[in-house]
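Below is one structure, written out as structure tokens; the observations come after it.
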Amino acid sequence: MPALAFALCTASVAQDYQAIFEKEWIEAKKYTTRQKEIWEVVFSEFGLPVELAAAVVFPELLRYSALQNLMETVAIKALYLQGGTRGADFSIGRFQMKPSFAEALEHDWMQTPLRHEYEIYFDLADNIYARRARIRRLDNPEWQCIYLALFLKLLYRRFPELAEETATGQVRFCATAYNGSFRDSYEEIRRRAGRRFYHTDFMPTAATVYYSYSDIAVSYYKKTNGDRFW
Numbered sequence: 718m719p720a721l722a723f724a725l726c727t728a729s730v731a732q733d734y735q736a737i738f739e740k741e742w743i744e745a746k747k748y749t750t751r752q753k754e755i756w757e758v759v760f761s762e763f764g765l766p767v768e769l770a771a772a773v774v775f776p777e778l779l780r781y782s783a784l785q786n787l788m789e790t791v792a793i794k795a796l797y798l799q800g801g802t803r804g805a806d807f808s809i810g811r812f813q814m815k816p817s818f819a820e821a822l823e824h825d826w827m828q829t830p831l832r833h834e835y836e837i838y839f840d841l842a843d844n845i846y847a848r849r850a851r852i853r854r855l856d857n858p859e860w861q862c863i864y865l866a867l868f869l870k871l872l873y874r875r876f877p878e879l880a881e882e883t884a885t886g887q888v889r890f891c892a893t894a895y896n897g898s899f900r901d902s903y904e905e906i907r908r909r910a911g912r913r914f915y916h917t918d919f920m921p922t923a924a925t926v927y928y929s930y931s932d933i934a935v936s937y938y939k940k941t942n943g944d945r946f947w
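In terms of our numbering, the sequence shown is residues 718 to 947.
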């Protein structure tokens, strides 16, 4: 599918997400501003633009709740450690990463020579020790950045054609892959780009409004960077 067709098929009715998520947007933007210098150090080590990384996780920053995160982390530590993702698989931290995401990421990373290039190795054993180490990493803000960097490195390695997209096209694709299964095919990830599954309710109800995750990521990128490339 040509890049123009991708842009047209994923375009949706323009919405002012900054106005829709006014309070949450302000708080999330403050957080990205505070973290920018730290993020630049981490992502530059992997040759990745911080602008891309920030846009990919910005929708997660909007719906992050410290109280909810505490509750879910406590639940995971009790259930995930014993039963793995079959026991519990909740989101953790600002980037709302799940143990299942980390497990898949670690597995795929360990299949590539990138593990030697960056000297990052994971214990893939299915036991309480490996799971405890994984939870500690997910609970660490710097490690969440590293996981995000590994995700992006794997995505661009698997789909080299992604680098030929526009800046917003790359943001849209990476955000879609992050919000769903990054192991899907290139075309399947592109097809999912405009679908509306994202919401900020603690518990969804019949009144819950759903949005496109990638639309929000692109909106943040454009408001912060315009249409320029990183």
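Every residue gets a Cβ at the ideal spot worked out from N, C-alpha and C, and that includes glycine.
Excluding sequence positions up to five before and after F812, its CB lies within less than 7 Å of the CB of V774, E777, Q861 and L865, all in the same chain and listed in chain order. For a cut-off of 8 Å, the C-beta gap from L867 to C891 is around 13 Å, too long to register as a contact. At the C-beta level, R913 and Y927 come within 8 Å of one another. A792 is a Cβ neighbour of A805, given a cutoff of 8 Å. For L798 against I852, the beta-carbon gap comes to about 7 Å, under 8 Å, which counts as contact. Distance from T790 to D856 at the Cβ level is roughly 6 Å; contact confirmed, criterion being Cβ atoms closer than 8 Å. When secondary structure is reduced to three states using DSSP, M814 falls in the strand class. In this structure, the beta-carbon distance from A850 to F946 does not fall below 8 Å. Counted as a single uninterrupted DSSP element, the beta strand (DSSP E) harbouring Y915 occupies residues R913 to Y915. In the three-state reduction of the DSSP assignment, S902 falls in the coil class, being assigned neither a helical nor a strand state. The beta carbons of S936 and A910 sit about 13 Å from each other, so the pair does not count as a contact at 8 Å. Residue ranges of uninterrupted beta strand (DSSP E) with 3 or more members are absent from the region 764-815; none lies entirely inside it. The continuous stretches of alpha helix (DSSP H) do not include F946, and DSSP gives it neither H nor E. Rounded to the nearest angstrom, the gap between the Cα atoms of R874 and T829 is 10 Å.
Around the Cβ of Q887, a 10 Å sphere holds 16 or more other Cβ atoms; the residue is buried. For F760, the enclosing alpha helix (DSSP H) stretches over residues E739 to E762. In the structure shown, Y734 adopts helical secondary structure according to DSSP, grouped into three states. Rounded to whole angstroms, G897 and E836 show a C-alpha spacing of 27 Å. When only Cα atoms are considered, Y734 and A847 end up about 39 Å apart. According to DSSP, S929 shares a beta bridge with R913. For P921, no alpha helix (DSSP H) run applies, since DSSP gives it neither H nor E.
The alpha carbon of A934 has as its nearest neighbour, out of M920, P816, A819 and Y915, the alpha carbon of Y915. For S929, the closest of T893, F899 and G810 by C-alpha to C-alpha distance is T893. In terms of CA proximity to E859, Q752 leads the group W742, A924 and Q752. In terms of CA proximity to L831, E762 leads the group G943, D843, T750 and E762.
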